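Numbering of the sequence shown is given in the numbering used here, commencing with residue 1 and proceeding in unit increments.
From the three backbone atoms N, C-alpha and C, an ideal C-beta is built for every residue, glycine too.
All values reported here derive from a predicted model rather than from experimental measurement.
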Amino acid sequence: MRRLGKEIDEGGPGVEGFIDDLQMFQDHRSTSGVVGLKDKLTDAEREDEIESAELKKELFAKLLLRMQHYPSAQRIFALFLARINDVFEHHITPHASEAGMDRRAVDGIIEEKIVQPTLQDMGEGFEHFTINHAHVRGMIYWLADRCFVRWK
């Protein structure tokens, strides 16, 4: 975080493109299943989240766009996105389908293994860069839109 603050205060270093760890998530994953955020939420019987999910996804996308020229910000985003991807791949998606994990259990895992650890890692942030609950959930929805996460 200090490194990012210094990069911002000094007006650099600016980079073009994304570091490899973040580029992986920028590219849409090809899939033969349900594609797109709205369809994934509908498939998981989470239609009530669609409007809010779209707003939060856009909130995160704007933050990513604003901070994309700072290597330290890219590393932070890559770390958080990798965490989200890992939790969905290993704790949610395989179990939600086969065990019939209910929505409350899935939401509990998201809160416990994604939202709270990410907010703790961020701390209070600083004047140039902070991440709140809406940003974290926006990251989840952003990854869902790119076919990296699904609820079932």
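Alpha-carbon spacing of residue i relative to residue j, whole angstroms
i: arginine 46; j: methionine 101; result: 14 Å
i: cysteine 147; j: valine 35; result: 6 Å
i: lysine 62; j: proline 94; result: 31 Å
i: threonine 130; j: glutamate 124; result: 7 Å
i: arginine 103; j: isoleucine 110; result: 10 Å
i: methionine 67; j: alanine 53; result: 21 Å
i: glutamate 58; j: proline 71; result: 21 Å
i: isoleucine 50; j: leucine 143; result: 14 Å
i: aspartate 121; j: alanine 96; result: 27 Å
i: asparagine 132; j: leucine 65; result: 17 Å
i: aspartate 21; j: aspartate 48; result: 32 Å
i: leucine 79; j: threonine 42; result: 28 Å
i: glutamine 23; j: glycine 108; result: 29 Å
i: arginine 75; j: isoleucine 140; result: 17 Å
i: histidine 90; j: proline 117; result: 17 Å
Buried versus exposed, by CB contacts within 10 Å (16 or more), residue i
i: glycine 138; result: buried
i: aspartate 145; result: buried
i: leucine 37; result: buried
i: leucine 81; result: buried
Contact check, residue i vs residue j, beta carbons under 7 Å
i: valine 106; j: isoleucine 92; result: yes
i: valine 87; j: lysine 113; result: yes
i: glutamine 135; j: phenylalanine 77; result: Looking at the sequence provided, one finds histidine at residue 135 rather than glutamine. Going by C-beta atoms, histidine 135 is not nearer than 7 Å to phenylalanine 77.
Terminal residues of the alpha helix (DSSP H) in which residue i lies
i: arginine 75; result: 71-87
i: tryptophan 142; result: 133-145
i: isoleucine 110; result: 103-110
i: aspartate 39; result: 37-43
i: glutamine 68; result: No alpha helix (DSSP H) holds glutamine 68; DSSP gives it neither H nor E.
i: threonine 130; result: No alpha helix (DSSP H) holds threonine 130; DSSP gives it neither H nor E.
Beta-carbon proximity list for residue i, same chain, < 6 Å, skipping 5 on both sides
i: alanine 44; result: Trp151, Lys152
i: lysine 40; result: Val34, Ala144, Arg150
Contact set for residue i: own chain, Cβ-Cβ below 8 Å, skip 5 residues either direction
i: valine 115; result: His133, Val136, Arg137
i: leucine 119; result: Ile131, Asn132, His133, Val136
Residue-level contact to chain B via CB, residue i, 7 Å cutoff
i: glutamate 124; result: No chain B appears in the structure shown, which is made up of a single protein chain.
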